[in-house]
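J.: Got a structure for you, questions after.
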Amino acid sequence: MTNRLRLLQLIKLLDVTRLNDNDDAQQMADWLQQQPQFPVPIAAYCVYPDYLPQLRQLIADTRQPYAVATVVNFPDGEMPVSAVCQQINVALAAGATEIDCVMPYQALLRGDHQLVREFLTEIRRCCATTCLKVIIESGELITAQQVAKATEIAIECGADFVKSSTGKVAVGITEEAARIMLTIIAAADRPVGFKASGGVRTIAQALQLIDLYEQITGITATSASMRIGASALVSELAEQLITN
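Count the sequence shown with the working numbering and you get residues -12 to 231, in order.
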């Protein structure tokens, strides 16, 4: 049986996520109402920009200190930077406190690192002091070197967190990608967070990622330094806590 303290640590790292393409406002409202009340607060909820007002209402009703996250340049990473900055401005006006932005990873695959740098530098400027998580879409990057380079560029351009995946491609987080990303993050000259996302479906998998984070960085995982994108995982956690 999993130690209750470890489960509570995991809950505090969760970015509970709903990014279903066919949702409507009623489905989002139903989902928000069905969220379990954990004994400690999760880190954040992450929804599409259109549903930020509903999420803000939930937070007001529950009086919990959840961060409000949304996605931009999502999921393909191919929008012009001006359009992405407009998305960011709208999201911030709607109450977003964290921005998860997809890196233009197709440009990185082509070797156009300068385009990626210029894009992310402008995104950092648009976000100002708002928490910025850069999604590198590690499952679409072909080599370990590309995963490392994507992580390096994200850090260089001011990302607060480097995030593995959109969850919209066939391959999400893998242990290999996590190790590469964490090795680069651990060597950075400033604190940078890590977000594991894309296919984190079980408690065991999530705890393995926490262990990996702590082994490589030497830092205890907290919501300031690590996040785990979760959807299906939430139900298993709620059930497990009943027995612990």
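C-beta: ideal position from N, C-alpha, C; glycine also. These numbers were taken from a predicted model, which means no experiment stands behind them.
Could you check if residue 17 is buried or exposed, using at least 16 other CB atoms within 10 Å of its CB as the buried criterion?
T.: Here residue 17 refers to the residue found at position 30 of the sequence shown. By the neighbour-count rule (16 or more Cβ atoms within 10 Å), residue 17 is not buried but exposed.
J.: Please specify which runs of the alpha helix (DSSP H), each continuous and at least 4 residues long, are wholly inside the region -11 to 29, giving them in chain order.
T.: Fully enclosed alpha helix (DSSP H) runs of 4 or longer: -9 to 0 and 12 to 20.
J.: Looking at the unbroken beta strand (DSSP E) that takes in residue 85, where does it start and where does it end?
T.: What you label residue 85 is simply residue 98 of the sequence shown in a count that begins at 1. It spans 85 to 89 - the beta strand (DSSP E) in which residue 85 sits, taken as one unbroken run.
J.: Assign residue 231 to one of two classes, buried (16 or more other C-beta atoms within 10 Å of its C-beta) or exposed (fewer than that).
T.: Locating residue 231 in the sequence shown gives position 244, counting from the first residue. With fewer than 16 other Cβ atoms within 10 Å, it is exposed.
J.: Contact defined as beta carbons within less than 8 angstroms: I believe residue 167 pairs with residue 138. What is the distance between those atoms, to the nearest angstrom?
T.: Residue numbering aside, residue 167 sits at position 180 when the sequence shown is read from its first letter. Residue numbering aside, residue 138 sits at position 151 when the sequence shown is read from its first letter. With a Cβ gap of about 7 angstroms, residue 167 and residue 138 count as contacting.
J.: Per DSSP, which one or two residues make a beta bridge with residue 77?
T.: Position 90 of the sequence shown holds residue 77. None; residue 77 has no bridge partner.
J.: Is DSSP giving residue 68 helix, strand or coil here?
T.: Looking up residue 68 in the sequence shown gives position 81. DSSP places residue 68 in helix when its eight states are reduced to three.
J.: Which parts of the region 79 to 162 are runs of the alpha helix (DSSP H), unbroken and 4 residues or longer, counting only runs that do not cross its ends?
T.: Listed in chain order, they are 92 to 96, 100 to 114 and 131 to 143.
J.: Classify residue 87 as buried or exposed, calling it buried when 16 or more other Cβ atoms lie within 10 Å of its own Cβ.
T.: Translated into positions along the sequence shown, residue 87 becomes position 100. Per the 10 Å Cβ criterion, buried.
J.: Under a three-way DSSP split, which group does residue 57 fall into?
T.: Here residue 57 refers to the residue found at position 70 when the sequence shown is read from its first residue. In the structure shown, residue 57 sits in a strand (DSSP, three-state: E or B).
J.: Measure the C-alpha to C-alpha separation of residue -10 and residue 54 and round it to an integer number of angstroms.
T.: As a first step, residue -10 is located in the sequence shown; it is residue number 3 there, counting from the start. As a first step, residue 54 is located in the sequence shown; it is residue number 67 there, counting from the start. Residue -10 and residue 54: Cα-Cα distance of roughly 26 angstroms.
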